[in-house]
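Undergrad: In this note's numbering, the protein residues as written are 514 to 941. Glycine is no exception: its CB is placed at the ideal position from the N, C-alpha and C atoms. First, the structure itself, so that you have it in front of you.
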């Protein structure tokens, strides 16, 4: 009785592709060996490759350094093999049969150039979604030197990352164009693409008739108007903007969740708007608003005028305030002063790292009295700004108290990081 062979038929190319999983050689070498073994690449083609390879090595060595040094030539060989491997892997999806045909039907140097062009396109893509952090043309060569020796998996991962960033930037540009806001304004402000998209979604929902991108003063008025109407987050229709290109819908949709999460706080009258919109707040970091100091000054003077019309002249700053603050009325400086008052520390608008550490130790040992700072504001700050300063201080207390008093932060890393971020702390 004869036993029949029941094993499945094996397709030679499929078997070759399966075996390459255990082959550590560069993909180019595997494709070349496969082509020779299966009669795809003949002796004439091999001879042409042997002629072109030294030329390519010299060109690559010259581009990255010197063609006269043996180590540079050896590294150039590695770069060339890797560039060809990158190109073949990317264009054939790792299929040895297709890769061998590609080597047969095209010049050796064209496959190397194909890999180089892939990397140049990758390097030209944005590395950050911040408009103020664009790359420089003269950075291409050193970056190409690095990437010409990286794996195809590294290339694909970086391509996916940069493609996502590029999509976010395109969406931000589209959103800004709806308000005649150009790239120069975004670059000068160092805007994050995601923050532009979020702010654009919010504007479409809360102020669809607004024609210009708002600064903080204008945005505050938009939010205040909705608070007066007692608009709730459920009543706000946060949809994708009409006319949004189809290829940008996914990246814009990805930001809707963050905006929906922020809406209740933005519309809650119990949350001071000035605290949300101050430059150092987490909310402000998530939404791009134009910086316009003149608009803030104008708003301040209008508030003074309103008080005058009501016959209630605003209280001027006291001599103590003027002497203590010395013109440093930016939020980090003021928060530093208020923190010193609350911890019975000498009044300063700037702390050294050493002084900040001492302040945290004192606070954790003896506690603090935030009310002392609020009382100082009411007694000494300019009347037109008192409410804003009290709100600023109360918001800081609420957000920072757990960190500043934490028993788990033994080395004070979190507390000092918070002070560096929110207050005026310098080295020393």
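Tell me which residue opens and which closes the alpha helix (DSSP H) that residue 597 is part of.
TA: Unbroken alpha helix (DSSP H) run through residue 597: 583-605.
Undergrad: Judging by CA-CA distance, which residue of 621, 606 and 585 is the nearest neighbour of residue 597?
TA: Residue 597 has its Cα closest to that of 621, out of 621, 606 and 585.
Undergrad: Helix, strand or coil, according to DSSP, for residue 705 in the structure here?
TA: strand
Undergrad: By Cβ distance below 8 Å, which residues in the same chain neighbour residue 630 in space, the five residues on each side in sequence not counted?
TA: none
Undergrad: I'd like to know if the stretch 888-903 and the stretch 865-872 are in contact, where contact means that at least 3 CB-CB pairs between them fall below 8 Å.
TA: no
Undergrad: What is the DSSP secondary structure of residue 563, reduced to helix, strand or coil?
TA: helix
Undergrad: With which residues is residue 803 paired in a DSSP beta bridge?
TA: 728
Undergrad: So residue 616 and residue 660 are in contact, right, with Cβ under 8 Å, and what is the actual spacing, rounded?
TA: Not really, about 22 Å apart at Cβ, beyond 8 Å.
Undergrad: Could you name the residues of the same chain whose beta carbon sits closer than 7 Å to that of residue 744, not counting the 5 residues immediately before and after it, in chain order?
TA: The answer, listed in chain order, is 780.
Undergrad: From residue 772 to residue 717, what distance separates their C-alpha atoms?
TA: 12 Å
Undergrad: May I ask you to report which of helix, strand or coil DSSP gives residue 937?
TA: coil
Undergrad: Would you grab the beta carbon distance between residue 662 and residue 592 for me? Rounded to a whole angstrom, and I think it's under 8 Å.
TA: 6 Å
Undergrad: Sorted by chain position, which residues of the same chain lie with C-beta nearer than 7 Å to residue 573's C-beta, five sequence neighbours on each side aside?
TA: Once the five neighbours on either side are set aside, the close Cβ partners of residue 573 are 589, 592 and 593.
Undergrad: Within 10 angstroms of its Cβ, does residue 859 collect 16 or more other Cβ (buried), or is it exposed?
TA: exposed
Undergrad: Give me the Cα-Cα distance between residue 740 and residue 605, rounded to the nearest whole angstrom.
TA: 58 Å
Undergrad: Any idea if residue 584 is buried or exposed, counting beta-carbon neighbours within 10 angstroms, 16 or more meaning buried?
TA: exposed
Undergrad: Count Cβ pairs between the stretch 749-760 and the stretch 708-723 that sit closer than 8 Å; are there 3 or more?
TA: yes
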